[in-house]
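Number of protein chains: 2
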Amino acid sequence: MPSFKKYRVEDSKFRLASIDPADAPFLEGDEQAQQERLDHLAGELDELQNLLHAEGRRKVLLVLQGMDTSGKDGTIRWVFSRTSPLGVRVTAYKAPNDDERARDFLWRCHANVPRSGEIMVWNRSHYEDVLVPWVEGWIDRDEVRRRYAQIRDFERLLTETGTVVVKCMLHISKKVQRERLQARVDDPGKRWKFQRSDLDVRKKWSDYQQAYEQALGATSSKNAPWHVIPADSKHHRNLMIAQLLVKTLRGMKLALPPADSSLDGLVVE
Amino acid sequence: MPSFKKYRVEDSKFRLASIDPADAPFLEGDEQAQQERLDHLAGELDELQNLLHAEGRRKVLLVLQGMDTSGKDGTIRWVFSRTSPLGVRVTAYKAPNDDERARDFLWRCHANVPRSGEIMVWNRSHYEDVLVPWVEGWIDRDEVRRRYAQIRDFERLLTETGTVVVKCMLHISKKVQRERLQARVDDPGKRWKFQRSDLDVRKKWSDYQQAYEQALGATSSKNAPWHVIPADSKHHRNLMIAQLLVKTLRGMKLALPPADSSLDGLVVE
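Below, the structure written as structure tokens:
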């Protein structure tokens with residue numbers, strides 16, 4: 001298995017440009033082999049999720065961040081193609097509504113942390129509430145610093161109370177985003193996914209790349225590390241995240257709870 | 001395709017005993033053919049769910065009720081084996097907690113209705129809050145009648161506001177429940193699922209059967225009908241519910257929203 005080390009953010013001076021979105025170290029063999037491999041990993045993830053549920057103590061939180069069309073939805077569809085909706089839940093975060101803006105920015109996220117035995121996926125997350133206001137100029141550098149400190153504290157609370165936090169930044173090139181947005185415009189079956197506001201965000205591409213770099217450097221910790229996922233290739237993106245999750249859940253040494261021996265020999269009438 | 005009519009509750013004088021839990025009209029061919037059929041239906045359900053999401057107006061609520069071991073979890077796992085967790089969510093209801101008991105019994109359910117474009121599955125439901133208190137003797141016949149009227153009103157609200165409600169009672173025999181509970185006791189890998197309290201509920205089997213009969217008769221409406229699913233065979237249960245959902249979603253005539261022609265010829269820079 002290739003190493004994740006190169007893609008794990010371990011330094012506050014981390015440079016996003018050091019990782020090529022077209023990298024594909026986890027891609028092996030032809031398309032059929034890749035599909036079989038993903039299917040195999042998705043199956044293993046299902047077995048691990050069942051153990052997580054049976055154990056009933058710990059939780060897993062997968063945070064997915066990335067520019068428009070970076071493949072957050074597709075990741076969820078394919079990586080969790082073998083798990084039951086009983087054990088995997090998704091929360092999608094959009095621009096905060098009035099009710100959410102009336103509280104601190106972590107309020108709505110805290111309301112959606114995973115339960116014991118559950119894998120929760122955040123499709124966008126609390127990071128949006130720093131990235132967007134910073135790029136848009138609604139908050140200053142001091143407030144950004146405060147929010148990243150608050151995020152570190154929040155994530156430490158989660159990990160100290162039994163949640164394994166996996167954070168992935170889906171890293172695509174500006175060129176690939178152009179192709180994918182154009183495909184949404186051109187394909188009548190995809191056009192409903194396209195929003196003109198996507199183009200406004202695209203114009204701030206380099207501001208967002210800088211903001212991501214800052215976010216990753218400021219909040220990658222030993223307990224809640226960021227991984228940058230080269231995502232120009234959808235297959236690579238899926239395989240790398242599936243592999244990362246399987247590795248992480250294996251590392252949790254999940255096991256069935258010990259059988260209650262007081263039930264030995266019980267006959268159901 | 002076999003008819004659902006016999007299994008749809010259309011009469012307040014409905015008799016649960018008229019349906020044999022061992023019936024299996026939707027079961028055809030050998031086990032491999034059944035598995036392929038289920039896989040095909042699950043795939044079609046995925047396509048229909050994508051259209052439901054793209055349309056973005058209507059919602060689907062699947063209510064699953066049944067005695068312990070009737071297969072609610074298994075149904076969710078297999079019927080939704082091809083859909084993305086992005087579009088299918090599950091809410092499991094347990095005995096109400098203090099916070100829930102401090103409100104009316106529909107409060108916690110209303111908080112978990114599906115969003116536009118979403119399929120929501122209720123693993124147990126508001127019906128538990130009539131079945132259990134009635135069998136346990138905590139509420140009288142008048143209160144039962146009031147609650148069923150309140151449920152009919154609530155479900156009419158949902159259907160009038162764009163939710164298609166599908167209600168399934170997973171119908172197993174007392175004998176099959178005994179076998180499945182015994183398997184949980186005997187198999188060390190399953191024992192963690194067994195609770196002694198399941199045996200207490202089992203002792204009230206016929207009370208619960210009567211309570212179900214009453215519930216189904218009182219709350220099966222044209223908009224939110226109950227189907228009794230013969231569920232002694234797990235394959236039959238899965239196939240029948242998958243088929244019912246596919247038929248229901250097909251009947252919604254889901255379609256992509258019309259392509260926004262103002263985007264014709266737009267070039268992404």
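Going down the list, the protein sequences come from chains A and B.
Going by the UniProt record's numbering, the first residue of the first sequence is number 1, and it counts up by one from there.
Going by the UniProt record's numbering, the first residue of the second sequence is number 1, and it counts up by one from there.
Glycine residues also receive a C-beta, built at the ideal position from the N, C-alpha and C atoms.
Being a predicted model, the structure only gives us computed values, none of them experimental.
Check	Outcome
Alpha-carbon to alpha-carbon, A231(B) and A24(A)	47 angstroms
Residues of its chain near E128(A), where Cβ-Cβ distance is below 7 angstroms and the 5 sequence neighbours each way are ignored	Y93
Residue(s) in a DSSP beta bridge with P230(B)	H171(B)
Beta-carbon spacing of A218(A), S18(A) below 8 angstroms	no
Segments assigned alpha helix (DSSP H), at least 4 residues, entirely inside the segment 45-116 of chain B	72-79, 98-101 and 107-110
From K167(B), L45(B) and H236(B), residue whose alpha carbon lies closest to that of W122(B)	K167(B)
Chain A residues whose Cβ lies nearer than 9 angstroms to that of Q182(B)	L266, V267 and V268
Simplified DSSP assignment, three categories, for I119(A)	strand
As assigned by DSSP and simplified to three states, the class of T159(B)	helix
Residues bridged to R8(B) [DSSP beta-bridge criterion]	H227(B)
E10(A) classed as buried or exposed, judged by whether at least 16 other C-beta atoms fall within 10 angstroms	exposed
Beta carbon proximity, A259(B) to chain A, threshold 8 angstroms	yes
C-beta atoms of L27(B) and Q34(B) nearer than 8 angstroms	yes
Interface flag, V166(B) vs chain A, CB-CB below 8 angstroms	no
Contacts of V60(B) in chain A (Cβ-Cβ under 9 angstroms)	Residues of chain A passing the Cβ test: none, with the nearest at roughly 13 angstroms.
Proximity test, Cβ basis, 8 angstroms: S84(B) and chain A	yes
Closest residue to K247(B) among G137(B), Q182(B), R202(B) and V164(B) (Cα-Cα distance)	V164(B)
Beta carbon proximity, H199(A) to chain B, threshold 8 angstroms	The amino acid occupying residue 199(A) in the given sequence is Leu; His does not appear at that position. For L199(A), the answer is yes, since a Cβ of chain B falls inside 8 angstroms of its Cβ.
Beta-carbon proximity check, L216(A) vs F154(A), cutoff 8 angstroms	no
8 angstroms Cβ cutoff met for Q65(A) and R124(A)	yes
Beta-carbon spacing of A255(B), L51(B) below 8 angstroms	yes
Extent of the continuous alpha helix (DSSP H) run through E269(B)	Where E269(B) is concerned, there is no enclosing alpha helix (DSSP H), given that its DSSP letter is neither H nor E.
Neighbourhood of I241(B) by C-beta, 7 angstroms cutoff - its chain only, sequence neighbours within 5 removed	T75, V79, C168 and I229
Contact under 8 angstroms by Cβ, L48(A) with L244(A)	no
CB-CB length for M120(B) against V113(B), believed under 8 angstroms	7 angstroms
Burial state of N97(B) (16 or more Cβ within 10 Å)	exposed
Residues of its chain near L158(B), where Cβ-Cβ distance is below 7 angstroms and the 5 sequence neighbours each way are ignored	L61, V113 and V165
Any 3 or more C-beta pairs closer than 8 angstroms across the segment 253-269 of chain B and the segment 190-208 of chain A	yes
Of the residues H40(B), S116(B), D30(B) and D99(B), the one placed nearest R89(B), counting alpha carbons only	S116(B)
Chain-ordered neighbours of G189(B) on chain A, where CB pairs are closer than 8 angstroms	L256
Rounded Cβ spacing between D46(A) and T83(A) (contact assumed at less than 8 angstroms)	5 angstroms
For R202(B) and Q177(B), believed in contact at Cβ under 8 angstroms, the rounded distance	7 angstroms
For L86(A) and R77(B), believed in contact at Cβ under 8 angstroms, the rounded distance	7 angstroms
Proximity of E213(A) and L41(A) at Cβ, strictly below 8 angstroms	no
Neighbour list for L263(B) in chain A, Cβ cutoff strictly below 7 angstroms	V185, R191 and F194
Same chain, Cβ closer than 8 angstroms to V20(B), neighbours up to 5 away in sequence not counted	Correcting the residue identity first, residue 20(B) is Asp in this sequence and not Val. Same-chain partners within the cutoff: P230.
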